[in-house]
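For the sequence shown, position 321 matches number 321 in the working numbering, and the numbering has no gaps at all.
All remarks here apply to the structure that follows.
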Amino acid sequence: MTSATTSRAATPARRNNRLLPSLGILLVTGGILLLAWFAWLWFNPGPSPYRYQLVEEGSVDKFSQLGLDAWPDLTIAKYDVFAEEIEKPLASGHTARRGQTPPVLISWENHTSELIASVDSKLNELTTLAAAIDKYAGKDALILGWWDTSRQIKLLASRDTLFNSHVGQPLIVPTPWRNREEAIRKYEDQFWGAKASDEERRKFERFTDALLAEPEQGAAILRELAGGREAYIALHVTDLYKLGLMRPDQFDITYKNFPMEGNMHGLIGYLKNWMQENNFTTYTLQSISDKMVRGYFLRTDKSSNSLIAKMLPFTNSNPLDLQPVQLIYQQGGYWVYQIPSANPAPASANPTTPPSTPHPAPAEGS
1 MTSATTSRAA TPARRNNRLL PSLGILLVTG GILLLAWFAW LWFNPGPSPY
51 RYQLVEEGSV DKFSQLGLDA WPDLTIAKYD VFAEEIEKPL ASGHTARRGQ
101 TPPVLISWEN HTSELIASVD SKLNELTTLA AAIDKYAGKD ALILGWWDTS
151 RQIKLLASRD TLFNSHVGQP LIVPTPWRNR EEAIRKYEDQ FWGAKASDEE
201 RRKFERFTDA LLAEPEQGAA ILRELAGGRE AYIALHVTDL YKLGLMRPDQ
251 FDITYKNFPM EGNMHGLIGY LKNWMQENNF TTYTLQSISD KMVRGYFLRT
301 DKSSNSLIAK MLPFTNSNPL DLQPVQLIYQ QGGYWVYQIP SANPAPASAN
351 PTTPPSTPHP APAEGS
């Protein structure tokens, strides 16, 4: 009896002994699978809420309306931007590339008041700027500018630029899409290629430091980045908004679109009243189209006293009088400055400097 009982009691024990290792293996395997699933979600947070759809592609001759005859070796492509469950495109743009190099965005138009992927730009302003740089800047000159402007200048003006890659900062998406930023960033990196290195990103952060600093300090940082070379900085009014997205705690900026329905003086009066009602201290304008302008408004004295605010035509700044960097050219929304050396030579000693232009019309800044 005893022996039989002992034998029957031992059987479940042996089963438990076999079950415990199996259960451990199952738990470990399940844990690995769970970790793998979390890792997959981390690196694959869902698709981007929008996509670029190719409309047409070809040589410059196929896009004669763009005015790119001076660059016959480029391949041009037009893209529309579509979002989930929305039939009409939210934005449109053109890219250009030379050979098999990654594409460079050269024009962009948002079809809604929300900015998606990029800010609005005019190609004719860019081509005029590129032609001026090619004509007046020394062949060995270094051009500093926002990374997207830098890539455009390198492509069209064949000058060395501080930034040559797709830095992708800031990410420009409507607020409802902020929870999908990782997916959007991944999609943008894949589409544009030419992803920036850590070193280039570090330099770009230093470049934004310069724009946010007071003029003298900002110019010193720009000289540091130029490394003693003949150097120029090209800014566009839209860089204000991009800087605000990157550094919201340091640069307080807001934009608002206004229709061009009457004379410019009437619009200016309305803008001043709107600015005062909302406690802004200064503003400047960007011409979006013949029927629309975009106002950029600053709220704090710290923002208004930054180098970028002094370099662009706000109501309380005068770029022609700025000394730490010297205005030499202006076209549409673009403003180009020479970055003087620590001990600048007389202006007449530099024959490659483009001629200055008058203060812009109110449609671009006032």
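Built from N, CA and C at the ideal position, the CB exists for glycine as well.
For residue i, which residues from the same chain have a beta carbon less than 6 Å from its beta carbon, with the 5 sequence-adjacent residues on both sides left out?
| i | result |
| --- | --- |
| residue 75 | 97 |
| residue 78 | 55, 56, 94 |
| residue 151 | 104 |
| residue 267 | none |
| residue 322 | 310 |
Excluding the 5 residues preceding and the 5 following residue i in the sequence, name in chain order all residues of the same chain whose CB lies nearer than 8 Å to its CB.
| i | result |
| --- | --- |
| residue 67 | 123, 124, 127 |
| residue 107 | 66, 93, 94, 121, 122, 123, 126 |
| residue 270 | 258 |
| residue 62 | 56, 76 |
For residue i, which residues of its own chain have a beta-carbon under 7 Å away from its beta-carbon, when the five flanking residues on both sides are left out?
| i | result |
| --- | --- |
| residue 33 | Any reading at residue 33 must be qualified, since the residue scores a pLDDT of 48, below 50, and its modelled position is unreliable; the value itself is stated next. Around residue 33: no qualifying Cβ. |
| residue 201 | 167 |
| residue 299 | 252, 279, 280, 281 |
| residue 326 | 337, 338, 340 |
| residue 247 | 208, 212 |
| residue 149 | 234, 236 |
| residue 69 | 60 |
| residue 221 | 206, 209, 210, 213 |
Taking only the alpha-carbon atoms, compute the straight-line gap between residue i and residue j and give it to the nearest angstrom.
| i | j | result |
| --- | --- | --- |
| residue 183 | residue 51 | 11 Å |
| residue 24 | residue 144 | Residue placement at residue 24 is flagged as unreliable, the pLDDT there being 49, under the threshold of 50; a coordinate-derived value is accordingly withheld. |
| residue 237 | residue 113 | 17 Å |
| residue 187 | residue 109 | 20 Å |
| residue 333 | residue 311 | 12 Å |
| residue 243 | residue 99 | 32 Å |
| residue 199 | residue 211 | 19 Å |
| residue 264 | residue 255 | 18 Å |
| residue 60 | residue 72 | 6 Å |
| residue 283 | residue 305 | 13 Å |
| residue 160 | residue 224 | 16 Å |
| residue 302 | residue 215 | 12 Å |
| residue 316 | residue 82 | 40 Å |
| residue 219 | residue 318 | 17 Å |
| residue 250 | residue 175 | 20 Å |
| residue 289 | residue 64 | 20 Å |
| residue 294 | residue 276 | 17 Å |
| residue 217 | residue 119 | 28 Å |
| residue 285 | residue 314 | 8 Å |
| residue 165 | residue 190 | 13 Å |
Could you work out which residue in the options is closest to residue i when comparing CA atoms only?
| i | options | result |
| --- | --- | --- |
| residue 130 | 139, 155, 111, 119 | 155 |
| residue 273 | 195, 297, 261 | 297 |
| residue 135 | 218, 153, 264 | 153 |
| residue 342 | 324, 261, 88 | 324 |
| residue 233 | 121, 248, 189, 146 | 146 |
| residue 287 | 258, 270, 266, 277 | 258 |
| residue 261 | 174, 291, 245 | 291 |
| residue 169 | 157, 158, 185 | 185 |
Following the continuous beta strand (DSSP E) through residue i, name the residue where it begins and the one where it ends.
| i | result |
| --- | --- |
| residue 253 | 253-259 |
| residue 330 | 326-331 |
| residue 96 | 91-98 |
| residue 143 | 142-145 |
Can the beta-carbon of residue i be found less than 9 Å from the beta-carbon of residue j?
| i | j | result |
| --- | --- | --- |
| residue 49 | residue 177 | yes |
| residue 101 | residue 194 | yes |
| residue 308 | residue 239 | yes |
| residue 111 | residue 142 | no |
| residue 229 | residue 140 | yes |
| residue 137 | residue 331 | no |
| residue 116 | residue 172 | yes |
| residue 369 | residue 203 | Only positions 1 to 366 of the chain appear in this structure, which leaves residue 369 out of reach. |
Alpha helix (DSSP H) containing residue i: first to last residue?
| i | result |
| --- | --- |
| residue 307 | 307-311 |
| residue 268 | 264-277 |
| residue 124 | 123-136 |
| residue 182 | 181-192 |
| residue 302 | 301-304 |
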